[in-house]
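Protein chains in written order, with this note's numbering: chain A, 1 to 577; chain B, 578 to 765.
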């Protein structure tokens, strides 16, 4: 039976069919839906772990214990989990182990555009790359076979267009789901120098065997048409190149990115007059081709930046001009993403902006506090950096600077990697103020539960981490809970906490407006006593705008959250049902 | 021949559901299909673009400039933004609803005037006030299904196939209002 499936759902289906028993992940676009789809299969234990490092370790442990296991993350999540991943290459596996990493060329929803293929070479772990949903499922199953056959973890690399495109997938039954026996094997699984030195020899021998596999497996396939042009490609670029060039070119489609099939590449290059390497982001296959002494054209014809398109390939390879666009002859205003109407973060940023504070930001919906009119955030680097980077700022510039400085971090991000930064502040005599924007959910990636919500990935009730007790246990004496929609009180609390000479935490508590249990009713309405001061416009609410120099509220956008009622200095805005 | 359809709008308008209804309808006709979606940050009130391509064999899930046979626009500024993707003889179906983007709200930019008239001069335009029709159907959130109704009328796929797919995609308690919305669009 064929079904239209998202690439991510197809990976989940592949894991199910491969008999996977344990999946541990942390959400991150574009990888999130893999694990969300895993939940549909009762046979698989699934969890949102607090961060990717923990997730990888859960999967590694489960594999050693005899269950086929998987961990899924976005490219920057792979940085977080790199430590256990590099050493899992040395231990190898008991049951199959797959790390599924989704890159984001074009940065649809990311802070950088790193190419995770580098990790395969650096960690000496084989990597497969599918180019549609059908392959997502098949390559996932193959990854588990390779993992067990060669005693190695395997990377499955996706990118946004593969993860978030739906195409047809043939469904099969589940197999191989029995546990493998567990036996203590310290020389294999205790990585201390005496053991690891021996395991490194195994790693290098294994890579030779994997290279042989890559040469002979039909995961790397040739498609010979006209040999005037040869295209070496994989993943998305196979699709784009084929769409652009059809049978005007021959293709070597690389499904195994590491180790690369050198002989196959040389053989293909010999057959074609002119050979291009077409790959998004970094010249990884190209560098290998050039090391083999092949005369190939790569990044000199294409780009290191963003996503490729068929027309771009057509123009680079065939020299065809891109036709003139049919566009309106006037500039159109951009439409950047914004915080939703009713977003609890809006109240917090309104106050931070008003007080003119330096704001050390983090990763989540609340990163949108960096865009006008709120434009409050000064820095955003990676998960957790809001806390530790602010500590560094305060140490660099001293106490007066620190009294105009706060960190903002979401509840899920705080659990992910904010706790260690806060520990650092307490331990090293910092006096920072950290605002935990607790909206009771992991928002940006589409509402995943986390340790502070009290529910598991399957929606089962569980022990809830109490943020107040947690911060106090770390040694923070001043922990205050405040409602960001009560702007006057919130402002008072922020002023008081930043002025302290000790660390403090403000828990800005109000749930995400998109949660089902949050039921705002009615709409906000502007009364006749509006003085047109435009204070409400400073909120950057998508429902409030100016028409003919008068402020108006759009009922189709307004959800009646009432924040604007609280900020109007003349009491001119009221709620109506 | 591959058919290329773009669905554009503002994050939160329900473009994803529309592309899924479309995808599920064309597989009923036995085509190879690819649907490319947008998740994550851009969904938060930003411009969103979904590509649906179907035919005997589809390679790229994305659509290049000048290659869309049809664009289904949920908002008129987004229709204008997507115009470069439309084929010279392509059809533009546009909801005339205006949603102010943040640069317009903050006063940094102006919402362009008379966009429907301008689009009419440069494309085969089918324009409608889908918001009013959704209201008439009984729920303003059915704008997406009203627009799918208009798309259905402009496609070669039979009415019944659309209804079957709609029944499969939409939750049962919302089916009646969605069927009504679909018909209002279809009979425009």
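Backbone N, C-alpha and C fix where the C-beta goes; we use that ideal spot for every residue, glycine too.
Residue 289 of chain A sits in a helix when the DSSP states are folded into three classes.
For the stretch 596-617 of chain B, the set of residues with a beta-carbon nearer than 7 Å to any beta-carbon of chain A comprises 600, 601, 604, 609, 610, 611, 612, 613, 614, 615, 616, 617, in chain order. Runs of the alpha helix (DSSP H) lying entirely within the stretch 178-229 of chain A and spanning at least 4 residues, in chain order: 186-189, 193-216. Inter-segment contact for the stretch 247-255 of chain A and the stretch 127-146 of chain A is present: three or more beta-carbon pairs are separated by less than 8 Å. Residue-level contact by beta carbon fails for residue 279 of chain A and chain B, as no gap is shorter than 8 Å. Within the stretch 66-128 of chain A, the complete beta strand (DSSP E) runs of at least 3 residues fall at 69-74, 97-103. At a cut-off of 8 Å, the C-beta of residue 340 of chain A has a neighbouring C-beta in chain B. For the pair residue 68 of chain A and residue 52 of chain A, the Cα-to-Cα distance works out to about 18 Å. Here DSSP, grouped into helix, strand and coil, assigns residue 471 of chain A to helix. Not one beta carbon of chain A lies nearer than 8 Å to the beta carbon of residue 586 of chain B.
Taking a C-beta distance under 8 Å as the contact criterion, residue 533 of chain A and residue 544 of chain A do not qualify as a contact pair. At least one CB atom of chain B sits nearer than 8 Å to the CB of residue 327 of chain A. CA-CA distance, residue 104 of chain A to residue 226 of chain A, rounds to 32 Å.
An exposed status is given to residue 570 of chain A, since fewer than 16 other beta-carbon atoms sit within 10 Å of its beta-carbon.
Just measuring C-alpha positions, the residue of A:122, A:489, A:66 sitting nearest residue 95 of chain A is A:66.
For residue 7 of chain A, the enclosing alpha helix (DSSP H) begins and ends at 7-17. Residue environment for residue 450 of chain A: buried (at least 16 other C-beta atoms within 10 angstroms of its C-beta). For the pair residue 646 of chain B and residue 749 of chain B, the Cα-to-Cα distance works out to about 32 Å. In the structure shown, the three-state DSSP call for residue 307 of chain A is coil. In this structure, residue 425 of chain A sits away from residue 418 of chain A, with a CB-CB distance that is not shorter than 8 Å. In this structure, the CA atom of residue 311 of chain A is about 13 Å from the CA atom of residue 636 of chain B. Note: residue 536 of chain A is not bridge-paired with any residue in the DSSP secondary-structure output. For residue 349 of chain A, not one C-beta of chain B is nearer than 8 Å to its own C-beta. Relative to residue 215 of chain A, the option among A:223, A:265, A:531, A:180 whose CA is nearest is A:265.
Judged by DSSP secondary structure, residue 264 of chain A falls outside any beta strand (DSSP E) and instead within the alpha helix (DSSP H) spanning 262-271. Excluding sequence positions up to five before and after residue 189 of chain A, its CB lies within less than 7 Å of the CB of 64, 91, all in the same chain and listed in chain order.
In the three-state reduction of the DSSP assignment, residue 705 of chain B falls in the strand class, which pools E and B. By the C-beta criterion, the stretch 269-276 of chain A is judged to be in contact with the stretch 285-296 of chain A, since at least 3 inter-stretch pairs fall below 8 Å. The straight-line gap separating the alpha-carbon atoms of residue 654 of chain B and residue 761 of chain B is approximately 23 Å. Chain-order list of chain B residues neighbouring residue 240 of chain A: 636, 637, 639, by C-beta distance under 9 Å.
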